[in-house]
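To start, the structure under review is shown below, and the notes come after it.
There are 2 protein chains.
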Amino acid sequence: MTGTTDTTRPAPLAGVKIIEISAFVAAPLGSMTLAQLGADVIRIDPLGGNIDATRWPITEEGTSIYWASLNKGKRSITLDLKSEEGQAIATELIAEAGTLITNLPARGWLSYDNLVAHRPDLVMLRLSGTHDGKPAVDYTVNAASGFPTITGSDEKPVNHALPAWDVIAGMYIANGILAAELERRSSGTGQEINLALADAMLATVGNLGYIAEIQTNGSTRGPLGNGLYGAYGQSFTTSDGREVMVAVISNRHWRSLGTATGLTDKLAMIGDLLDVDLGTEGGRFEAREAIDAVLRPWFAAHTAAESTAALAEAGVLQGEFQTFEELVRDDPQCSSANPLFSEIEQPGIGRVLAPRVPLTFHGSPAAPASPAPSLGENTDAVLAEVLGRTADDLTTLRERGILSD
Amino acid sequence: MTGTTDTTRPAPLAGVKIIEISAFVAAPLGSMTLAQLGADVIRIDPLGGNIDATRWPITEEGTSIYWASLNKGKRSITLDLKSEEGQAIATELIAEAGTLITNLPARGWLSYDNLVAHRPDLVMLRLSGTHDGKPAVDYTVNAASGFPTITGSDEKPVNHALPAWDVIAGMYIANGILAAELERRSSGTGQEINLALADAMLATVGNLGYIAEIQTNGSTRGPLGNGLYGAYGQSFTTSDGREVMVAVISNRHWRSLGTATGLTDKLAMIGDLLDVDLGTEGGRFEAREAIDAVLRPWFAAHTAAESTAALAEAGVLQGEFQTFEELVRDDPQCSSANPLFSEIEQPGIGRVLAPRVPLTFHGSPAAPASPAPSLGENTDAVLAEVLGRTADDLTTLRERGILSD
Chain A
0 MTGTTDTTRP APLAGVKIIE ISAFVAAPLG SMTLAQLGAD VIRIDPLGGN IDATRWPITE
60 EGTSIYWASL NKGKRSITLD LKSEEGQAIA TELIAEAGTL ITNLPARGWL SYDNLVAHRP
120 DLVMLRLSGT HDGKPAVDYT VNAASGFPTI TGSDEKPVNH ALPAWDVIAG MYIANGILAA
180 ELERRSSGTG QEINLALADA MLATVGNLGY IAEIQTNGST RGPLGNGLYG AYGQSFTTSD
240 GREVMVAVIS NRHWRSLGTA TGLTDKLAMI GDLLDVDLGT EGGRFEAREA IDAVLRPWFA
300 AHTAAESTAA LAEAGVLQGE FQTFEELVRD DPQCSSANPL FSEIEQPGIG RVLAPRVPLT
360 FHGSPAAPAS PAPSLGENTD AVLAEVLGRT ADDLTTLRER GILSD
Chain B
0 MTGTTDTTRP APLAGVKIIE ISAFVAAPLG SMTLAQLGAD VIRIDPLGGN IDATRWPITE
60 EGTSIYWASL NKGKRSITLD LKSEEGQAIA TELIAEAGTL ITNLPARGWL SYDNLVAHRP
120 DLVMLRLSGT HDGKPAVDYT VNAASGFPTI TGSDEKPVNH ALPAWDVIAG MYIANGILAA
180 ELERRSSGTG QEINLALADA MLATVGNLGY IAEIQTNGST RGPLGNGLYG AYGQSFTTSD
240 GREVMVAVIS NRHWRSLGTA TGLTDKLAMI GDLLDVDLGT EGGRFEAREA IDAVLRPWFA
300 AHTAAESTAA LAEAGVLQGE FQTFEELVRD DPQCSSANPL FSEIEQPGIG RVLAPRVPLT
360 FHGSPAAPAS PAPSLGENTD AVLAEVLGRT ADDLTTLRER GILSD
C-alpha cells in the first residue's frame, strides 16, 4: 500500500455523464455504482416517480429508504414521459449525455435506433428479464437457478433473502458501461448492449461449475444446511446460545482448528476411522459428519466470545452470526471507523451511515457517500445546465404539465 | 435492438493485458470477466498450482470443474514463485502487462511500491478479507451480514448456498480495473486499488437499505420464508408436488393474479377484512397471510403446468423451482439455444455448455466462451511472446526448477 492517497486527481469517471431511466434494484444499482466512481448520473423518472418511488422499507412518514439507498449520488429529474414533449426533452438529455441505462422495453422513442439518430456514438444498455424478452424478476430467476433447492437443510426450496441476482446484474451493468466507454474512446463509436437478468444468473451458475458438474458427473450436491461443499465448514451453537460459522480451506486452517480446540488427536483419528485423507479439502468434506460430531461438544462448552477468541488466535476462519441490528449497532466494521462509510444527512430520512463504492482508489479516489436526491430535486438545474433552458422555458413547461409543479 | 451485430470491431477490452495471481472465486471471477470482455488475462500460479487447483467439484479422474469454470479464456503459466528468479519473471510480466489482480498479501516483491518501480503507470488491485487486514472468506463475511438471520423460516441462521459475496466482489474487481484503466488512459497514471470482501458485503447491505432502515426505524424484518418483503410474493405447492414462486410487484400484476386464479372477488375482500389498501405494495405485504390462505387451495388444485400456464397467460411473474439437474437438462434458457452459451471442449473434463459474459455488445461483441487452459499450459508461449525468452532460456529455467518439467 502506498500509505497516502492522492486527493488531487479526479475520480475515475469524472466527466462521464449517464442518463438512467429505470426502477428497482439492478439498473439503479448499476448506475449508482458508476455515480460512486465519479460519473454524473441523471435519473429521469415520470412525474410522481417510477414504480419504486415508495418501495419498502419506508420511514414512519412514508419516505422510501429503499429508493434513497439505491440512488445515492445521482441527480433526479421528473418529466411527463408519456407526452411527446417530455420524451423529446429526455431524448435531448440522452443525446447530450451520450450514455443511457434503462430497464424499460426500449421501444418507440426510447429505441436504440431512434436515439442513435440524435447521438451517433450513443452507448445504451438495456436490462431485460430473459434474453428472449420474457419478463423475469430476481425471485423468479432465483427459482429457476437451482440454488433454492440446495439452500437450507431439507428438500423444500428455500429462497435466499439477499436479492443476489439483482445485485450481480447491477454489477454487470456497470461493467458493461465501463467496457463500452473504454471501447468508444478508442473507436469513436458507441453501441447497444443488452443484459438479461436471467443470463446474469445463468452465467454465474456456469462460472461456479454447476452446469459442467452435471454434464460431467450426472448430478450435483443436495442441501448441506450451513455446511460447505467440497471443503470443511459448519455452523455451531455455543454455550451462550449463539451461532458461529467455521470454515477450513487450507491445511494450515485444519491444523489451527485442532490447536484452537485441543482436539487435534481426536480429529486425526477420523482419517483412519473413515479411510479418508484429512490432508485434502475433499477428504475433510467426506468426513464432515464425524468432524461435526467431534467439534460440536467443544462449541457447546464454550461461549461465543471464548470460541471466537480461541479460533481467531489460532488463525481459524470463523465468524459469529449476527442480525442486521447487531451489525449496525455493534460491529465496528459497520461504522464510520471503516473508511467505506460516512454519515450523511438523507432528506426525509435523517442522519444515516452510508457506503461509498467499496473500491479504494489510492490515485484517483472515489468520493465518500453522498445523499440521494429527493424525487425531481434537480429538474430545473439539469434542464438549465445541460440543455440551456431558461427560467421562462421552465415556466412554460410547467404550465403545460411536462414538469411537476 | 439493432437486429444485427457488427462482428468486425474487436471486443471492448482487446489490447488490454492483465496478470492475475490469485485463487478461489472472487479474484479469478473478476479477471475472467475481463478476459470475457476481450482482455488477455495471464494467470500465474506456483508450480503444481495454487490452493484452488483441485477444488471440488472434480471429475472422477480428479480434474477440478471448479477451477476450469472460473478460469475460462485465460492463459495459465506456472513459476516457482518462492524463488527470487521466479519472482523476477513474474515482476517482468506484471511490468509488461501493466495491470495486476491479486488476493495475496502483496508484500515484498509483490508490493505496489516494488512493482511500480518496474512499471510507473501500474494498475494493481488487491483483494483482502477486511479493510483492516483481517482474514475473511465468503462464509464468514456472510455470517456477519445479517442475511442468514432472515433466510428460511425460523430463528436459526441459514446460509445461502450461492457464494454471493465472492461473486459480487468479483464483479467489483472488474469494475475497479475498468475504471482505473479508463482513468489511466486520460491521466497517463496508474494506481493501487484495494477491495475488501467484507466491504463488498457491507456496501451491498447499505445499498439495499438495511443500515438506514435500522438507524431510522430501529429494527428490520425477520425471516419470511419464501415470502417477499414489502410486496406480495410467496411459494406454493401444486397438486403434483412441485413448488412455484409468485411475485406481485405492480398493480397490474395484482389484477392479473386475480384474473389467472379466478379469485379476484375473494382477494378484494381481504382489503376490508384487514383494513389495508391492496392497491399498494405495502398493503399487500401487510395482508400477505390472508392472501396466502386464499391462494394456497388454488395451487393445491392445479398442477405446476396448469398454474404456470394460467399465470403466464395473465402476465403474473412466476417461476417453477427447479434443481440444477432440471435447469441443465430441461430448461431451454440453459442450452445453446440461448446465445449466452456455447459448447466447448474443456481439457480433462469434456464437452460442456459454457457461458460467455452475459452482456451482449452489438457493436464490439465479446467472444463466445472459450475453455480454461490446463495448469501451466501457456508457460512457454507466454514467456516467449511477452518476455522474449528463447527456447534455450526456457530450458535453463526448467533445469533450475523455476519452470515445471
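Chain order of the listed sequences is A and B. Mind the numbering: the first sequence is residues 0 to 404 in numbering that gives the first Met the number 0, read in order. Mind the numbering: the second sequence is residues 0 to 404 in numbering that gives the first Met the number 0, read in order. Ideal Cβ positions, reconstructed from N, Cα and C, are used throughout, including at glycine.
With DSSP as the reference, identify every bridge partner of residue i, one or two as the case may be.
{"i": "A:Lys16", "result": "A:Asp39"}
{"i": "B:Met244", "result": "B:Ser234, B:Gly318"}
{"i": "A:Arg350", "result": "A:Glu344"}
{"i": "B:Arg125", "result": "B:Thr101, B:Asn193"}
{"i": "B:Thr77", "result": "B:Asp44"}
{"i": "B:Ser63", "result": "B:Ile57"}
Kindly give me the distance between the Cβ atoms of residue i and residue j, rounded to whole angstroms, as I take these residues to be in contact under 8 Å.
{"i": "A:Ala246", "j": "B:Tyr65", "result": "The pair is not a contact, with the Cβ atoms about 16 Å apart (cut-off 8 Å)."}
{"i": "A:Asp374", "j": "A:Leu78", "result": "The sequence given here has Leu at residue 374 of chain A, not Asp. No, A:Leu374 and A:Leu78 are not in contact; Cβ-Cβ is about 12 Å, not under 8 Å."}
{"i": "B:Lys81", "j": "B:Pro372", "result": "Not really, about 22 Å apart at Cβ, beyond 8 Å."}
{"i": "B:Phe367", "j": "A:Ala199", "result": "Here the sequence assigns Pro to residue 367 of chain B, which means Phe is not the residue at that position. In fact, because the Cβ distance is near 17 Å, the residues do not count as touching under 8 Å."}
{"i": "A:Ala195", "j": "A:Thr129", "result": "5 Å"}
{"i": "A:Leu177", "j": "B:Leu177", "result": "4 Å"}
{"i": "B:Glu285", "j": "A:Arg54", "result": "Going by Cβ atoms, the distance from B:Glu285 to A:Arg54 rounds to 14 Å, so no, they are not a contact pair."}
{"i": "A:Ala52", "j": "A:Ser68", "result": "No, A:Ala52 and A:Ser68 are not in contact; Cβ-Cβ is about 13 Å, not under 8 Å."}
{"i": "A:Glu319", "j": "B:Ala142", "result": "6 Å"}
{"i": "A:Ile76", "j": "A:Asn377", "result": "6 Å"}
{"i": "A:Leu201", "j": "A:His252", "result": "Their Cβ separation, rounded to whole angstroms, is 32 Å, which puts A:Leu201 and A:His252 out of contact at 8 Å."}
{"i": "A:Leu352", "j": "A:Glu344", "result": "That belief does not hold up - the Cβ atoms of A:Leu352 and A:Glu344 are roughly 12 Å apart, past 8 Å."}
So, with DSSP's three-state summary, where would you put residue i?
{"i": "B:Thr437", "result": "Nothing about residue 437 of chain B can be reported from this structure: the residues present for chain B run from 0 to 404 only."}
{"i": "A:Asp44", "result": "strand"}
{"i": "A:Arg254", "result": "helix"}
{"i": "B:Phe360", "result": "strand"}
{"i": "A:Thr1", "result": "Its pLDDT being 42, under 50, A:Thr1 is placed unreliably in this model, and the coordinates cannot settle the point."}
{"i": "A:Val385", "result": "helix"}
{"i": "B:Arg118", "result": "coil"}
{"i": "A:Pro372", "result": "coil"}
{"i": "B:Val204", "result": "helix"}
{"i": "A:Val157", "result": "coil"}
{"i": "B:Glu144", "result": "For the record, residue 144 of chain B in the displayed sequence is Ser; it is not Glu. Three-state result, B:Ser144: helix."}
{"i": "B:Thr263", "result": "helix"}
{"i": "A:Arg397", "result": "helix"}
{"i": "A:Pro331", "result": "helix"}
{"i": "B:Phe284", "result": "helix"}
{"i": "A:Asn113", "result": "helix"}
{"i": "A:Arg106", "result": "coil"}
{"i": "B:Phe23", "result": "coil"}
{"i": "B:Gly270", "result": "helix"}
{"i": "B:Ala308", "result": "helix"}
{"i": "A:Pro9", "result": "coil"}
{"i": "B:Ser152", "result": "coil"}
{"i": "B:Pro296", "result": "helix"}
What residues in the stretch 334-350 of chain B have a beta carbon less than 8 Å from any beta carbon of chain A? Asn337, Pro338, Leu339, Phe340, Gln345, Ile348, Gly349, Arg350
Does the structure place the stretch 21-41 of chain A close enough to the stretch 172-183 of chain A that three or more beta carbon pairs sit under 8 Å? yes
Sufficient close CB pairs (3 or more, under 8 Å) joining the stretch 300-320 of chain B to the stretch 230-246 of chain B: yes
Under 9 Å, CB to CB, which of the residues in the stretch 148-161 of chain B have a partner in chain A? Thr148, Ile149, Thr150, Gly151, Ser152, Lys155, Pro156, Val157, Asn158, His159, Ala160, Leu161
Taking beta-carbon pairs under 7 Å, can you tell me which members of the stretch 314-326 of chain A lie near chain B? Leu316, Gln317, Gly318, Glu319, Phe320, Gln321, Thr322, Phe323, Glu324, Leu326
Please identify, using Cβ separations under 7 Å, the residues of the stretch 266-280 of chain B that lie next to chain A, in order along the chain. Glu280
Does the stretch 206-215 of chain A come into contact with the stretch 286-295 of chain A, if we say contact requires no fewer than three beta-carbon pairs (one atom in each stretch) closer than 8 Å? no
Residues of the stretch 192-209 of chain A with Cβ closer than 8 Å to any Cβ of chain B, in chain order: Ile192, Asn193, Leu194, Ala195, Ala197, Asp198, Ala199, Leu201, Ala202, Thr203, Val204, Gly205, Asn206, Leu207, Gly208, Tyr209
Meets three-Cβ-pair contact criterion under 8 Å: the stretch 319-327 of chain B and the stretch 36-43 of chain B: no
What residues in the stretch 227-254 of chain B bring their beta carbon closer than 8 Å to a beta carbon of chain A? Leu227, Tyr228, Gly229, Ala230, Gly232, Ser234, Glu242, Val243, Met244, Ala246, Ile248, Ser249
Can we say the stretch 10-23 of chain A touches the stretch 145-158 of chain B, given the rule of at least three CB pairs closer than 8 Å? no
Identify each residue in the stretch 45-62 of chain A for which the Cβ-Cβ distance to at least one residue of chain B is less than 8 Å, and report them in chain order. Ile50, Thr53, Arg54, Trp55, Pro56, Ile57, Thr58, Glu59
Do the stretch 108-126 of chain A and the stretch 19-28 of chain A meet, that is, are 3 or more Cβ pairs less than 8 Å apart? yes
According to a CB-to-CB cut-off of less than 7 Å, which residues of the stretch 357-382 of chain A neighbour chain B? Pro357, Leu358, Thr359, Phe360, His361, Gly362, Ser363
Beta carbons nearer than 7 Å to chain B: which residues of the stretch 167-184 of chain A have them? Ile167, Met170, Tyr171, Ala173, Asn174, Gly175, Leu177, Ala178, Ala179, Glu180, Leu181, Glu182, Arg184
Against chain B: residues of the stretch 119-134 of chain A by CB proximity under 7 Å: Thr129, His130, Pro134
Taking contact to mean 3 or more Cβ pairs, one atom from each stretch, closer than 8 Å, check whether the stretch 208-224 of chain A and the stretch 144-156 of chain A are in contact. yes
Given a limit of 9 Å on CB to CB distance, which residues of the stretch 75-93 of chain B reach chain A? none
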